[in-house]
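Quick note on numbering: the sequence shown equals residues 1381 to 1495 in the numbering used here.
For each residue, glycine too, the CB sits at the ideal point set by N, CA and C.
Please read all numbers here as calculations on a predicted model, not as lab measurements.
Some notes on the structure that comes next.
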Amino acid sequence: QVPLVESGGGLVQAGGSLRLSCAASGSIFSFTAMGWYRQRPGKRRELVALAFSSGGTTYPDSVRGRFTISKDKAKNTIYLQMNSLKPEDTAVYYCNAQSGSDHSWGQGIQVTVSS
């Protein structure tokens, strides 16, 4: 388990943008993948964006074209740029790091999109 700390959440109007950050306590080079998940009210946790150590990324249809995941390896940080936000994007967002079968999770951060 690697401590992960999210920041950047908050309240934004529909159509607006937010950038989430996730700082790892150590190097992110060893992770096979890092990503973002969210849990909307009354829903199961779902994948939002995933970045593989190979450089590939994947997004579900619900956010593709609006959200972008990126990494800054020098800062051991990943980001989630969220544009054109919709009320249905309201959720608690979690950072995740995978190393083989091991998963580390951040504490979660609230994103609220008002209509």
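- Our two residues, Pro1421 and Arg1399, have alpha carbons roughly 21 angstroms apart in a direct line.
- Looking from the CA of Asp1452, the closest CA among Val1443, Ser1433, Tyr1417 belongs to Ser1433.
- Of the other Cβ atoms in all chains shown, fewer than 16 fall within 10 Å of the Cβ of Asp1441; this residue is therefore exposed.
- Taking 8 angstroms as the upper bound for CB-CB distance, Thr1412 and Ser1479 are in contact here, some 6 angstroms apart.
- Within the DSSP bridge table, the entry for Glu1468 names no partner.
- Sequence-distant Cβ neighbours of Ala1403 in its own chain, meaning closer than 6 angstroms and more than five residues away, are Val1385, Thr1457.
- Closest in alpha carbon position to Arg1444, among Gly1435, Ala1429, Ala1454, Gly1436, is Ala1429.
- Exclusion of the five residues before and after Phe1409 leaves Lys1453 as the residues of its chain whose Cβ lies within less than 7 angstroms of its Cβ.
- Tyr1417 is bridged by DSSP to Leu1427, Tyr1474.
- Listed as beta-bridge partners of Gly1390 by DSSP are Val1491.
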